[in-house]
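In our numbering, the protein residues as written are 783 to 1013.
Think of the CB as a built atom: it goes at the ideal place given N, C-alpha and C, for glycine as much as any other residue.
Just so you know, these numbers come straight off a predicted model, no measurement behind them.
Here is the structure we will look at.
Here it is as structure tokens:
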């Protein structure tokens, strides 16, 4: 699957984006407040934070239930509708059939809700059927990264390298792999990966910053906003 297909995924989860961004921004803001204050809260303040937590928990469940219900309706329609066949140029899903799998749609929803364990369960099902799906591998890599399982994330990103032909995307993957190694303090390996990233795309800014982090043995690694934006 070409890099362009990953851009298709990015569009598919951004329909209605301002609404979802506002909702999750408020939910994350409230969760940050709870996380920061709850360990030392007492009395009425502690009860208030517990109420806010319970509200967030219910809202998260309700949003996911609605998402899954909608996904099932889409699946039913797709199975029963009599679609006329478009030309090959108009039908990118013919090259990426996993994009319409229920597990793929659910996995996207879980990722957006920051429910990374459930996201992983769904995309593991996708790669069982489509082991060379770039999109599924990227979701898995990012979800495992969020869960702190760096070696598993590395495995999925490394698998992607053999499938990618577009130099810019390959450069982003090399940079991501370098960030994993640098975070494990394996700096010499990380430097090699950042240099490979620059060889594939000399204009990519993050590898240069990350090489300096490796040289100093400290600083903030730049994982790559462009790679994350594909999700």
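Original post:
Counting pairs of beta carbons, one from the region 936-955 and one from the region 917-927, are three or more of them closer than 8 Å?
Top reply: yes
Original post:
Over what stretch of residues does the alpha helix (DSSP H) that includes residue 989 continue unbroken?
Top reply: 988-998
**OP:** Could you have a look at residue 969 and say whether DSSP puts it in helix, strand or coil?
**Re:** helix
**OP:** In the DSSP assignment, find the alpha helix (DSSP H) that holds residue 886 and state where it starts and stops.
**Re:** 884-894
Original post:
What number of angstroms, rounded off, separates the C-alpha of residue 892 from the C-alpha of residue 825?
Top reply: 34 Å
Original post:
If you draw a straight line from the C-alpha of residue 954 to the C-alpha of residue 966, how long is it?
Top reply: 19 Å
Original post:
Can you round the beta-carbon distance between residue 908 and residue 883 to whole angstroms, since I take them to be within the 8 Å contact cut?
Top reply: 6 Å
**OP:** Figure out for me which residue from 988, 1001 and 830 has the closest Cα to the Cα of residue 1010.
**Re:** 988
Original post:
When the Cα atoms are used, what is the spatial distance from residue 817 to residue 828?
Top reply: 12 Å
Subject >> Whole-Å CB distance - residue 935 paired with residue 927, under 8 Å assumed >> reply: 4 Å
Original post:
From this set, 890, 847, 894 and 857, which residue's C-alpha is nearest residue 809's C-alpha?
Top reply: 894
Subject >> Pick from 855, 1001 and 812 that is closest to residue 833, judged by C-alpha positions >> reply: 812
**OP:** Taking 8 Å as the cut-off, decide whether the C-beta atoms of residue 819 and residue 831 are in contact.
**Re:** yes
Subject >> Residue burial classification, residue 862 (beta-carbon count within 10 angstroms, cutoff 16) >> reply: exposed
**OP:** Compare the beta carbon distance of residue 961 and residue 1003 with 8 Å and say whether it is the shorter of the two.
**Re:** yes
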